[in-house]
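Protein chains in written order, with the working numbering: chain B, 8 to 260; chain Y, 14 to 464.
Written out as structure tokens, the structure is:
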């Protein structure tokens, strides 16, 4: 695959051992890119780095981080940024799917979910935004969710965090447009990953992480603002969001 | 780790429908832990490409190994590849087997007729390919393997370290423990592309003449047999042979099939009528000259069926049986003729029938299937009792000839057939991990039936 000027430079992945992130990292490894892998699981990061090396990555670096430690995030972004002297693509891919019933009752669990799914990536994206603004090129990508498009009873705490992140990305995109930095909002539907292993995954709506990774790499190459993956979710969410409240409230979504 | 009850873990023949408790670890450590935390029997599962019940553990646990999909190291100088057991051969081709500037490159030393199998499955069934007569089995090229056992141990097995367990695990049907990773000696070829020839032949004796003529100079050989043809045309078919073309490169085949068979139809599309029509047309595909020659990708030569994903659905809801036997060299011409005669007379044959001569290279595996002689592989749509009767009669002929059946293709073999066919069985038994089981192992009474 040919590299263009715009997408050259290191790829930094925050939450690199998530299933979707692994698939994205492999795509970039095969393009011969340099990768900075940031995550919590030491052994998983080392194994991923070796795998990416065999697959053709020019170089890999591993940074261990706990994304719930908000005060560490600015230094973490600095370390990732400096590892290969700048970043071409930054992908923020971490998050947790909580049990809605638990977070409705347990406020500390709700706070933890909101921290990891919103506050932490928001701080991280802000730090990244400042550096990309100075660099005047590159792409910032974050994985949100279709759950952020409309609040519903089965997952609104998670949905609120992801919806907040969508709004933050929207603002960041507005801010960085004038310096030529793209901000991409990836909104996956149901993806069969470790994070959703506890759910009943039968049905047509479930996609593989590999399929989602293909869409993500494509959206980054084309500087798409918002990317639903698989693409049919754009239509589903259009209908979900357009459904009148009176009708929506009768559904069990 | 989450364990779910699943009824959709099938083998390729789609005959056995069973419930399994499935866990899908994403690291080797997690996979090893799955073995020690339970008292229910367990078996590793890969891509589900074995045909019968060697890869299933009905009402027991399966460890879906497809999450163990990381490469560990590849040395471009020596061609030594280490990877986790869930890496598929197709992925190895895509990542490691890209042509260099002069067209040469590293290639899988042995590959079966599908690239959508895992490394763990290729070792556990000691698979072979069209180059068996020159390269032996997959297990001949395994330098080491990492095995997790239900007693919590984790062993690196090589021909020198734990040599007996190494030999038992190659072709060991997944019963000696869970293969976590392996190191394989890849093969250097002067050109990744192949020069391939197809030659039509009119009777069985022509097959043996072509095989004699080709085995030296052509490293990949196999023949398609028209199993419908009887009488003087018995054993007619198309002989395919190929060898690497020096200085000609070719990109790896795609990671996924180009098209998929969308749904299983409510009945089998493979009927005596469609088979007869297909075989008649296929036998004539080479035109009046009866020969074709081309140089290019190995994809069509090695993996003709991989172009259509889930082609096994063509057999409908009842699925199909595969039968693959190996006949020792002495008297093999007569035995193959007898088998083909019975199949043609039965009217049950399918289109996918392959005949090949194995070479003398021995596998380290105690239960390895290939050995000198002929191998015949066929599909039979599952038509219930009549199919069972035919398979039993074929099995009887193979037994009488001192041959054996291939466990990963088998769905009906009798315990006595298995015991007679595999003289290494006695040595193998002591290496079975007591925490492991499979439908096959119970069926051939390697293990007691439950209850």
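For every residue, glycine included, the Cβ atom is placed at its ideal position computed from N, Cα and C.
How would you call residue i, buried or exposed, if buried means at least 16 neighbouring beta carbons within 10 angstroms?
i, result
"residue 258 of chain Y", "buried"
"residue 124 of chain Y", "buried"
"residue 151 of chain B", "buried"
"residue 184 of chain B", "exposed"
"residue 361 of chain Y", "buried"
"residue 278 of chain Y", "exposed"
"residue 76 of chain B", "exposed"
"residue 337 of chain Y", "buried"
"residue 272 of chain Y", "exposed"
"residue 160 of chain B", "exposed"
"residue 50 of chain Y", "exposed"
Could you compute how far the alpha carbon of residue i sits from the alpha carbon of residue j?
i, j, result
"residue 82 of chain Y", "residue 97 of chain Y", "6 Å"
"residue 157 of chain Y", "residue 171 of chain Y", "4 Å"
"residue 318 of chain Y", "residue 128 of chain Y", "10 Å"
"residue 141 of chain Y", "residue 83 of chain B", "50 Å"
"residue 187 of chain B", "residue 171 of chain B", "24 Å"
"residue 134 of chain Y", "residue 427 of chain Y", "23 Å"
"residue 56 of chain Y", "residue 138 of chain Y", "13 Å"
"residue 327 of chain Y", "residue 50 of chain B", "43 Å"
"residue 107 of chain Y", "residue 121 of chain Y", "11 Å"
"residue 29 of chain B", "residue 23 of chain B", "6 Å"
"residue 103 of chain Y", "residue 54 of chain B", "20 Å"
"residue 298 of chain Y", "residue 250 of chain Y", "11 Å"
"residue 438 of chain Y", "residue 187 of chain Y", "14 Å"
"residue 240 of chain B", "residue 211 of chain B", "12 Å"
"residue 464 of chain Y", "residue 455 of chain Y", "The predicted model places residue 464 of chain Y with a pLDDT of 48, which falls under 50 and marks its position as unreliable, so this point remains unresolved."
"residue 105 of chain Y", "residue 308 of chain Y", "23 Å"
"residue 70 of chain Y", "residue 130 of chain Y", "18 Å"
"residue 143 of chain B", "residue 94 of chain B", "11 Å"
"residue 89 of chain Y", "residue 66 of chain B", "16 Å"
"residue 14 of chain B", "residue 226 of chain B", "Residue placement at residue 14 of chain B is poorly supported in this model, since its pLDDT is 48, which falls under 50; the coordinates still yield a value, given next. Those two C-alpha atoms are separated by around 12 Å."
"residue 14 of chain Y", "residue 162 of chain Y", "18 Å"
"residue 195 of chain B", "residue 27 of chain Y", "32 Å"
"residue 242 of chain Y", "residue 248 of chain Y", "7 Å"
"residue 190 of chain Y", "residue 182 of chain Y", "8 Å"
What residue does the alpha helix (DSSP H) around residue i start on, and which one ends it?
i, result
"residue 354 of chain Y", "345-359"
"residue 391 of chain Y", "Element bounds for residue 391 of chain Y: not the alpha helix (DSSP H) but the beta strand (DSSP E), 386-394."
"residue 142 of chain B", "127-142"
"residue 30 of chain B", "26-37"
"residue 47 of chain Y", "41-49"
"residue 81 of chain Y", "First-last for residue 81 of chain Y: undefined, no H or E at that position."
"residue 414 of chain Y", "From DSSP, residue 414 of chain Y is part of no alpha helix (DSSP H); its letter is neither H nor E."
"residue 147 of chain B", "Residue 147 of chain B -> not in any alpha helix (DSSP H); beta strand (DSSP E) instead, spanning 146-150."
"residue 103 of chain Y", "102-109"
"residue 249 of chain Y", "Careful: residue 249 of chain Y lies outside any alpha helix (DSSP H) and carries neither H nor E."
"residue 111 of chain B", "107-112"
"residue 146 of chain Y", "145-148"
"residue 252 of chain B", "252-255"
"residue 136 of chain Y", "132-137"
"residue 428 of chain Y", "428-434"
Where do the ends of the beta strand (DSSP E) carrying residue i lie?
i, result
"residue 213 of chain Y", "207-214"
"residue 233 of chain Y", "233-238"
"residue 11 of chain Y", "No answer is possible for residue 11 of chain Y: it lies beyond the span of chain Y, which begins at 14 and ends at 464."
"residue 19 of chain B", "18-21"
"residue 336 of chain Y", "333-340"
"residue 226 of chain Y", "Taken as a continuous stretch (DSSP letters only), residue 226 of chain Y belongs to no beta strand (DSSP E), being part of the alpha helix (DSSP H) at 217-227."
"residue 33 of chain Y", "33-36"
Under the DSSP definition of a beta bridge, which residues are partnered with residue i?
i, result
"residue 323 of chain Y", "Residue 323 of chain Y pairs with nothing; no bridge assigned."
"residue 175 of chain Y", "Answer is none; residue 175 of chain Y lacks a bridge partner."
"residue 97 of chain Y", "Y:194"
"residue 168 of chain Y", "Y:160"
"residue 25 of chain Y", "Answer by DSSP bridge pairing: none, since residue 25 of chain Y is not bridged."
"residue 240 of chain B", "Beta-bridge pairing links residue 240 of chain B to no other residue."
"residue 370 of chain Y", "Y:387"
"residue 56 of chain Y", "Y:75"
"residue 220 of chain B", "DSSP lists no partner for residue 220 of chain B."
"residue 201 of chain Y", "Y:119"
"residue 420 of chain Y", "Note: residue 420 of chain Y sits in no beta bridge, so no partner."
"residue 234 of chain B", "B:193"
"residue 87 of chain Y", "Y:94"
Runs of beta strand (DSSP E) wholly within the segment 272-321 of chain Y (minimum 3 residues, chain order): 304-309
4-residue-minimum alpha helix (DSSP H) runs that sit fully inside the segment 41-99 of chain B, ordered along the chain: 49-61 and 80-90
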